[in-house]
Amino acid sequence: MVKRSKGSRSKTRYKLRKTIRAGRTNPITKKIQTFDESDLVHIIIDPSIHKGQPHPRFHGKTGKVEDKRGKAYIVEINDGNKAKKLIIRPEHLKMQE
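In our numbering, the protein residues as written are 4 to 100.
Given below as structure tokens:
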């Protein structure tokens, strides 16, 4: 018997799916967008960019930008009663209006 893989992207067939013909797949503006500290951002995972992706359980959550680390941002979210800090690249973040 073969043991089933339980990687970080397992059970995400519909969550990490892009729409068909959505235009340009990876616009450069997503990579070069900047955020300030205490900005509220939505975590929207871009499945075509694997680097700097958070765990799929955080897809759709809203958090606050705490700091910048290299090209990525440290985003603090509440997961239940516990505050967590995630290191996420800007391609997977969207500013809250």
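The beta-carbon is built from N, C-alpha and C at its ideal position, and this holds for glycine as well.
Exercise for the section: Have a look at R12 and I46 and give me their C-alpha separation to the nearest angstrom. Expected result: As a working mapping, residue 12 is identified with position 9 in the sequence shown. As a working mapping, residue 46 is identified with position 43 in the sequence shown. Computed Cα separation, rounded: 16 Å.
Handout entry: Check whether L89 and F38 have beta carbons under 8 Å apart
Key = Translated into the one-based positions of the sequence shown, residue 89 becomes position 86. Translated into the one-based positions of the sequence shown, residue 38 becomes position 35. The answer is no: Cβ separation not under 8 Å.
Handout entry: Own chain partners of K75 with C-beta closer than 7 Å, once the 5 adjacent residues on each side are dropped
Key = Position 72 of the sequence shown, counted from the first residue, corresponds to residue 75. Residue 75 is actually Ala in this sequence, not Lys. These residues qualify, in order along the chain: G55, I90, I91 and R92.
Handout entry: N-terminal and C-terminal residue of the beta strand (DSSP E) that I77 is part of
Key = In the sequence shown, counting from the first residue as 1, residue 77 sits at position 74. Where I77 is concerned, the enclosing beta strand (DSSP E) stretches over A75 to D82.
Problem - For E100, the nearest candidate out of N84, L43, K67 and A25 (CA to CA) - result: Working through the sequence shown from its first residue, we reach residue 100 at position 97. Comparing Cα positions, the closest option is L43.
Practice task
Along the alpha helix (DSSP H) that carries T32, what are the first and last residues, could you check?
Solution key: By 1-based counting over the sequence shown, the position of residue 32 is 29. Its alpha helix (DSSP H) spans residues I31 to I35.
Exercise for the section: Out of A86, K71, D82 and G83, state which residue places its alpha-carbon closest to the alpha-carbon of Q36. Expected result: Here residue 36 is taken as the residue at index 33 of the sequence shown, counted from 1. Residue K71 is the option with its Cα nearest to Q36.
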